[in-house]
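Undergrad: Here it is: the structure, laid out below.
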Amino acid sequence: MTDSHAPSRSSDASTRARAFAVHLLTASGAALALLALLEAVREHWSMMFVWLGLALFVDGIDGPIARRFNVADVLPDWSGDTLDLVIDFLTYVFVPAYAIMASKLLLPVAAPLIGVAIVISGALYFADRRMKTDDNHFRGFPALWNAAAFYLQLLKPSPVLGTIVLAVFVGLTFVPFHTLHPLRTLRWRPLTLALIGIWAVLTIFTVVVDFNVPTLVKIALCGIAGYVLFSDLVVQTYTRIRP
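The sequence shown: position 97 = 138 (my numbering), numbered continuously.
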């Protein structure tokens with residue numbers, strides 16, 4: 042007699058294995074964070090951003106894949122959201138905080154304080170249930186400390202200016218202005234996606250040439266960052282003061 046349930050059991054096992062593979066993809070971000078940290082300890086900044094860039098790529102694709110394979114229902118005992126937050130804290134906050142603190146681009150007495158402030162404010166931000174708005178914006182500065190570390194290496198401001206700017210961004214974590222989600226915010230989405238594409242190309246180029254880029258590239262990268270962070274604030278302010 043044949044086992045009529047064998048195909049069903051095999052199918053269920055295959056489905057669970059495929060779903061767990063998606064969790065493994067997400068968890069690989071922790072390995073990428075560790076490799077990035079090792080490069081930061083060696084002060085190999087460009088290589089550090091290669092690993093952080095790969096982690097950013099994984100973070101961008103694992104969510105759609107998880108939804109495609111219905112991972113939350115197939116493996117209800119494993120929280121993809123919690124796993125994602127753990128990895129994001131490592132790659133967006135913890136490793137970049139170390140890189141910023143060890144960059145020698147801040148005031149020496151302030152660098153450890155900035156590093157501590159980044160990890161504490163980042164932890165609180167990730168725990169804030171209001172961090173995302175209903176219209177797919179982030180509330181406050183969205184703990185993009187990997188980007189802050191990148192721009193610190195790109196611009197290499199004076200230690201005083203760099204310290205002040207980073208301290209301001211720590212404070213902006215708790216200010217309720219809205220920041221664009223680069224992929225999900227609907228307002229001006231085609232423009233946003235085009236700019237993010239340009240930003241990605243310029244960022245890869247910058248890392249490949251070890252940050253030795255023309256001034257025009259720096260201006261373009263800063264302009265795109267300003268658009269992502271503050272364009273909604275400008276729109277809302279204009280809307281309020283418009284007669």
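Cβ atoms here follow ideal geometry from the backbone N, Cα and C, with glycine treated the same way.
Keep in mind it's a predicted model, so treat the numbers as computed, not measured.
Whole angstroms is fine: what's the gap from residue 43's alpha carbon to residue 58's?
TA: Residue numbering aside, residue 43 sits at position 2 when the sequence shown is read from its first letter. Residue numbering aside, residue 58 sits at position 17 when the sequence shown is read from its first letter. Reliability fails at residue 43, whose pLDDT of 48 lies under 50, so the model's placement of it is uncertain and no value is given.
Undergrad: Please determine if the stretch 152-167 and the stretch 221-231 are in contact, where contact requires at least 3 C-beta pairs separated by less than 8 Å.
TA: These segments do not touch.
Undergrad: Grab me the residues of residue 167's own chain with a C-beta within less than 8 Å of its C-beta, minus the 5 sequence neighbours each way, in chain order.
TA: Working through the sequence shown from its first residue, we reach residue 167 at position 126. Contacts found: 126, 129, 130, 134, 184.
Undergrad: Do you know how far the Cα of residue 267 is from the Cα of residue 152?
TA: On the sequence shown, residue 152 is found 111 positions in, with the first residue counted as 1. On the sequence shown, residue 267 is found 226 positions in, with the first residue counted as 1. Rounded to whole angstroms, residue 152 to residue 267 spans 24 Å at the Cα level.
Undergrad: What do you get for residue 193, buried or exposed, if any count of 16 or more other CB atoms within 10 angstroms of its CB means buried?
TA: Taking the sequence shown and counting its residues from 1, the one referred to as residue 193 is at position 152. Residue 193 comes out buried.
Undergrad: In terms of alpha-carbon separation, which member of 114, 217, 208 lies closest to residue 60?
TA: Counted from its first residue, the sequence shown places residue 60 at position 19. The shortest C-alpha separation from residue 60 is found at 114.
Undergrad: Where do the ends of the alpha helix (DSSP H) carrying residue 204 lie?
TA: What you label residue 204 is simply residue 163 of the sequence shown in a count that begins at 1. Where residue 204 is concerned, the enclosing alpha helix (DSSP H) stretches over 200-213.
Undergrad: Helix, strand or coil for residue 219, going by three-state DSSP, please let me know.
TA: If you number the sequence shown from 1, residue 219 lands on position 178. Residue 219 falls in the strand class under three-state DSSP.
Undergrad: Is the beta carbon of residue 231 closer than 7 Å to that of residue 148?
TA: Here the question's residue 148 lines up with position 107 in the sequence shown. Here the question's residue 231 lines up with position 190 in the sequence shown. No, they are not a contact pair.
Undergrad: How is the beta strand (DSSP E) around residue 180 delimited, first residue to last?
TA: Residue 180 sits at position 139 when you count from the first residue of the sequence shown. That run of the beta strand (DSSP E) goes 178-180.
Undergrad: Whole angstroms are fine: how far does the CA of residue 70 sit from the CA of residue 118?
TA: Residue mapping note: residue 118 aligns to position 77 of the sequence shown, counting from 1. Residue mapping note: residue 70 aligns to position 29 of the sequence shown, counting from 1. In a straight line, the C-alpha of residue 118 is about 20 Å away from that of residue 70.
Undergrad: Can you look up residue 42 in the DSSP assignment and give me helix, strand or coil?
TA: Looking up residue 42 in the sequence shown gives position 1. Below a pLDDT of 50, predicted positions are generally treated as unreliable, and residue 42, at 45, falls in that range; the measurement from the model is reported next regardless. Note: residue 42 maps to coil in three-state DSSP.
Undergrad: Quick one: residues in its chain with C-beta nearer than 8 Å to the C-beta of residue 177, no 5 flanking neighbours on either side, listed in chain order?
TA: In the sequence shown, the residue the question calls residue 177 occupies position 136. Contacts found: 222, 225, 226, 227.
Undergrad: First and last residue of the alpha helix (DSSP H) that includes residue 247?
TA: Counting from 1 along the sequence shown, the entry for residue 247 is found at position 206. From DSSP, the alpha helix (DSSP H) with residue 247 extends over 230-249.
Undergrad: So for residue 173, helix, strand or coil by DSSP?
TA: Residue numbering aside, residue 173 sits at position 132 when the sequence shown is read from its first letter. In this structure, residue 173 counts as strand in the three-state DSSP scheme.
Undergrad: From residue 179 to residue 210, what does the alpha carbon distance come to, in whole angstroms?
TA: Along the sequence shown, one-based indexing puts residue 179 at 138. Along the sequence shown, one-based indexing puts residue 210 at 169. Using only the alpha carbons, I get a separation of about 14 Å.
Undergrad: Just to confirm, is the Cβ distance from residue 92 to residue 76 under 7 Å?
TA: Working through the sequence shown from its first residue, we reach residue 92 at position 51. Working through the sequence shown from its first residue, we reach residue 76 at position 35. The answer is yes: Cβ separation under 7 Å.
Undergrad: Look at residue 141 and residue 68 and say whether their C-beta atoms are less than 7 Å apart.
TA: Indexing the sequence shown from 1 puts residue 141 at position 100. Indexing the sequence shown from 1 puts residue 68 at position 27. For residue 141 and residue 68, no; Cβs fall outside 7 Å.
Undergrad: Note down the Cα distance separating residue 275 from residue 203, rounded to an integer number of angstroms.
TA: Walking along the sequence shown from the start, residue 275 turns up at place 234. Walking along the sequence shown from the start, residue 203 turns up at place 162. Rounded to the nearest angstrom, the two C-alpha atoms are 24 Å apart.
Undergrad: What separation, rounded to the nearest whole angstrom, lies between the Cα atoms of residue 96 and residue 89?
TA: For this step, residue 96 is matched to residue 55 along the sequence shown. For this step, residue 89 is matched to residue 48 along the sequence shown. Each residue's alpha carbon lies about 11 Å from the other.
Undergrad: So the alpha helix (DSSP H) residue 166 belongs to, where does it begin and stop?
TA: For the purposes of this step, residue 166 is taken as the residue at position 125 of the sequence shown. Residue 166 -> alpha helix (DSSP H) spans 152-168.
Undergrad: The alpha helix (DSSP H) that contains residue 139, what's its start and end?
TA: Stepping through the sequence shown from its first residue, residue 139 is reached at position 98. First-last of the alpha helix (DSSP H) with residue 139: 136-143.
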